[in-house]
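Engineer:
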Amino acid sequence: MTATVAGHRTYSANPAPAAADARVVAWVERMAALTQPDQIVWCDGSDEERQGLIDGLVEAGTLTQLNQDKRPGSYLARSHPDDVARVESRTFICSRDEADAGPTNNWADPTEMRETLDDLFDGCMRGRTMYVVPFSMGPVGSPLARVGVQVTDSPYVVISTGTMTRMGTQALRQITPNNAWVPAVHTVGAPLAPGEEDVAWPCSDTKYIVHYPEDREIWSYGSAYGGNAILAKKAFALRIASAIGRDEGWIAAHMLLLKVTNPRGRVFHVAAAFPSACGKTNFAMLQPSIPEWKVETIGDDIAWLAPGADGRLRAINPEAGFFGVAPGTGEDTNPVAVDMLKRDVVFTNVALTDDGDVWWEGLTEEPPAHLTDWRGNDWTPDSPTPAAHPNSRFTVAASQCSTIADTWDDPAGVPIDAIIFGGRRATNVPLVTEARDWEHGVYLGATLASERTAAAEGTVGELRRDPFAMLPFSGTHMGDHWQHWLNVGADLDRQGEAPAIFQVNWFRKGEDGKFLWPGFAENARVLAWILDRVDGRASYTDGPLGRMPVDGSINYSAAGMTRDKWDALFEVNQESLQAEAVDTSRFLASYGDAVPEAVHAQHEELLKNLN
Ligand code: SAT
Ligand code: MN
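Numbers in this note's numbering are just positions in the sequence shown, counted from 1, shifted up by 644.
#1: Return the CA-CA distance between N961 and I942, expressed in angstroms with no decimal places.
#2: What's the C-alpha gap between D1208 and E1219?
#3: Hey, which unbroken runs of the beta strand (DSSP E) at 3 residues or more fall wholly within the region 915-977?
#4: Quick one: Cα of A1202 to Cα of S933, how far?
#5: State the CB to CB distance for the pair M929 and N978, rounded to an integer number of angstroms; the pair is presumed to be in contact (CB under 8 Å).
#6: So is the beta-carbon of I874 under 7 Å away from any non-hydrogen atom of the ligand SAT?
#7: Measuring CB atoms only, is the region 990-1000 touching the region 1037-1047, in the sense that at least three cross pairs come out at less than 8 Å?
#8: Can you tell me the Cα-Cα spacing of D1022 and L710, whole angstroms?
#9: When DSSP builds the beta bridges, which residues end up paired with A1144?
#10: Considering L900, what are the terminal residues of the alpha helix (DSSP H) in which it resides?
#11: With a CB to CB cut of under 6 Å and the five nearest residues on each side skipped, what residues in its chain are close to N926?
#12: Between W1173, K938, P1162, which has its C-alpha nearest Q1147's C-alpha?
#13: Cα-Cα, which of P1116, L1175, G1157, K1153 is closest to P1143?
#14: Report yes or no: do three or more beta-carbon pairs, one from the region 1042-1053 and one from the region 994-1003, lie closer than 8 Å?
#15: Residues in its own chain within less than 6 Å of A1079 by CB, not counting five upstream and five downstream?
#16: Can you name, in chain order, every residue of its own chain whose Cβ lies under 7 Å from the Cβ of D1211, other than the five neighbours on each side?
#17: Buried or exposed: K877, going by 16 or more other Cβ atoms within 10 Å of its Cβ?
#18: Compare the C-beta of M1205 against all C-beta atoms of chain D and say whether one is closer than 8 Å.
#19: Which residues does DSSP pair with P778 in a beta bridge?
#20: Considering only the beta carbon of each residue, do S1094 and P821 sit closer than 8 Å?
#21: Buried or exposed for N823, please, with buried defined as at least 16 other CB atoms from any protein chain shown within 10 angstroms of its CB.
#22: For a minimum of 4 consecutive residues, which ranges assigned as the alpha helix (DSSP H) are wholly contained in the region 716-740?
#23: Helix, strand or coil for F643? Go by DSSP, reduced to three states.
#24: Whose CA, out of G771, A844, R758, lies closest to the CA of P725?
#25: Compare the C-alpha of T1185 against each of T1077, T1091, L882, R1152 and name the closest.
#26: For the beta strand (DSSP E) containing P979, name the first residue and the last one.
#27: Just tell me which of A1165, A1056, M769, W1003 has its CA closest to the CA of M675.
#28: Less than 7 Å separating the Cβ of D945 from some heavy atom of the ligand MN?
#29: DSSP state of G651, grouped into three classes?
#30: Any idea if T648 is buried or exposed, counting beta-carbon neighbours within 10 angstroms, 16 or more meaning buried?
#31: Rounded to a whole number of angstroms, what is the C-alpha to C-alpha distance between G792 and F779?
#32: Within the structure, which residues are defined as neighbours of the ligand SAT by a Cβ-heavy atom distance below 5 Å, reported in chain order?
#33: Taking the DSSP output, what are the residues bridged to Q683?
#34: Of the residues P1012, G782, V1216, C738, which one's Cα is nearest the Cα of M1192?
#35: Hey, is H1125 close to the ligand MN, as in C-beta under 7 Å from one of its heavy atoms?
#36: If we call anything under 8 Å between Cβ atoms a contact, is H913 one with I737?
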């Protein structure tokens, strides 16, 4: 089919599949008229389609096939050196009212932004193919799932979305004349003049990642990397979903999901939020040091939490794959991930070994003697820069994870028994505390903080608040997000079904500056205490920060700990906590009137408890 659009260009489109809703077809035609691609391809999600795209990407130099004996079905992508991460400074929440975006988001007027983007997107796909990528977040047909369609001119983004979501015709069929879907428009922002040769990783210096929360719409320009471009992930499943969830009574959470079975065979489900650089993927694939406890993976990054008909909070992992940070993933830290990455993986910006395999910092203790680094340059252990980019990634299907729970894609979701908030804190925050009630738990989530680990983010060691680990991911005012948690919890509470809430900190340091707690597999002991609390088996003592384990309820010596270290893990230092509370007061004040009364009340209670 050929159509004349926007006056001067023609494009050929394979016909829209019969399954396509008329609104989707009309929208795709509008987007094609605006962006003027050479052709349109509707993606069906088949294996043949994926392999065809991969072959094209290898030919274009975007992907390098790895040694098929060592990493069957796996490829390496090297991005443009300036397109290596999400760009928060170019991420916008364009709510109609600025107040609805809150002080932590970049806001722009939606009418003005639409004008800006209309100019920018005009002809932006010239010389390229527009792929139409329908996807379902959550098991296809689940009442908790939501659908979207992304148009993109990046085949790399198509195959990534194919791994990260349920992509293709099945998802397209979910869009019927009476249900809502999220349109997402993406371009690398690098149109090709006739005859112009393409580059391996097209992108633009100009970048925009724009969300219209009321219209449930996403527009992204100029990047092909991660959350900038795989719009199903942070843009849809967190930012747009937080606005949808607020209106529909469910919660989009930046949380991993675990299934845990205790030695007596009781099954629990846990949702846990951690800011970045706290070992979230490692915890999602925890191999317990206490083998009587079984831990299985349901999700590593995002959870959608919805009150169920039975009054309990149910959760799905809306994604279908893992887009994980490679550096720091090794046999010691995450053997499950190392095993999961043996085949059928697309790696981005890791290093290449001389025999066509991959390597990154932390994969092995000893680096290989020679590598090709993420920029494609020679690298030896003497090189001053890392071989893999610190934000280099693996993209892999969740089904490849050996610890994936058989219920991970249950359309009904799993019932949540406990919610955990964790940060990276050298001081003040004990190894584990239980919130006194839901409102106290919401306060712990709202005031969550981590120490800065990279100089680029500010002074190393300084506290960075990351409420609910949602700071860059909320499509609503953060204060509204807190109020929404309070509302959902109050409903659950009325039915006696609100999950217990806990705070953990694997990163407290002793006076010698060393971590007190061994972490990793030993974190299972903390998880066991948490679930024994839920089970009514573990005792606690009340402290100013919440409930703490009584002596003997966690076997710390089996984790190689001394009594002194154990005490230090739970030390309540009045003076230093008071100083932090002053910082918390300032932090809450920065949200003005939007801070819910219950959060203020919890803060007052803390101040009282510390006196
Ligand atoms: O790049 S993503 O936003 O998908 C992932 C991340 O930033 O952690
Ligand atoms: Mn994340």
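Glycine included, every Cβ here is placed at the ideal spot set by N, Cα and C.
Structural biologist: In short, the structure shows the following:
#1: Rounded to the nearest angstrom, the two C-alpha atoms are 7 Å apart.
#2: Near 20 Å, if we compare the C-alpha coordinates of E1219 and D1208.
#3: With a minimum length of 3 residues, the continuous beta strand (DSSP E) runs that stay inside the region 915-977 are 938-943, 947-951, 957-960, 965-969.
#4: Distance between the alpha carbons of A1202 and S933: 9 Å.
#5: Their Cβ separation, rounded to whole angstroms, is 6 Å, which keeps M929 and N978 in contact under 8 Å.
#6: Yes; taking the cut-off as 7 Å, the Cβ of I874 has a heavy atom of the ligand SAT nearer than that.
#7: Put simply, the region 990-1000 touches the region 1037-1047. At least three CB pairs are less than 8 Å apart.
#8: The alpha-carbon atoms of D1022 and L710 are separated by roughly 17 Å.
#9: DSSP output for A1144 lists A1062 as bridge partner(s).
#10: Following the DSSP letters along the chain, one finds L900 in no alpha helix (DSSP H) but inside the beta strand (DSSP E) bounded by residues 900-905.
#11: Apart from the 5 residues on each side of it in sequence, N926 sits with its Cβ closer than 6 Å to the Cβ of T977, N978 in its chain, given in chain order.
#12: The shortest Cα separation from Q1147 among W1173, K938, P1162 belongs to W1173.
#13: Minimum Cα distance to P1143 is reached at L1175.
#14: As far as the Cβ criterion goes, the region 1042-1053 does not touch the region 994-1003, which means the pair count is below three.
#15: Cβ-Cβ distances below 6 Å link A1079 to G1085, L1088, I1145, G1190 in the same chain, with the five nearest sequence neighbours on each side left out; the list follows chain order.
#16: Once the five neighbours on either side are set aside, D1211 has no close Cβ partner at all.
#17: K877 sits buried, since 16 or more C-beta atoms from the chains shown fall within 10 Å of its C-beta.
#18: In the structure shown, chain D does not exist; there is a single protein chain.
#19: Within the DSSP bridge table, the entry for P778 names V793 as partners.
#20: Cβ distance not < 8 Å, so S1094 and P821 don't count as in contact.
#21: It is exposed - the Cβ of N823 has fewer than 16 other Cβ atoms within 10 Å.
#22: Listed in chain order, the alpha helix (DSSP H) runs fully inside the region 716-740 amount to none, counting runs of at least 4 residues.
#23: Nothing in the structure corresponds to residue 643, since the chain is present only between 645 and 1255.
#24: Closest option to P725, Cα to Cα, is A844.
#25: Measuring from the Cα of T1185, the nearest candidate turns out to be T1077.
#26: Per DSSP, P979 lies in no beta strand (DSSP E); the unbroken alpha helix (DSSP H) holding it starts and ends at 979-984.
#27: That would be M769, whose Cα lies nearest to the Cα of M675.
#28: Yes, the beta carbon of D945 sits closer than 7 Å to at least one heavy atom of the ligand MN.
#29: Only weak support exists for where G651 lies, its pLDDT of 44 falling under 50; the value from the coordinates is given anyway. G651 carries a coil assignment under DSSP once its states are collapsed to helix, strand and coil.
#30: Note on T648: pLDDT 43, under 50, position unreliable in the model; the coordinate value appears next. Taking a 10 Å sphere around the C-beta of T648, we find fewer than 16 other C-beta atoms and assign the residue as exposed.
#31: Their Cα atoms are separated by approximately 5 Å.
#32: The answer, residue by residue, is R730, G870, G871, K877, K878.
#33: Per DSSP, S656, T773.
#34: Each of P1012, G782, V1216, C738 was checked against the Cα of M1192, and the nearest Cα belongs to V1216.
#35: Incorrect: H1125 has no Cβ contact closer than 7 Å to the ligand MN.
#36: Result no, Cβ atoms of H913 and I737 do not sit closer than 8 Å.
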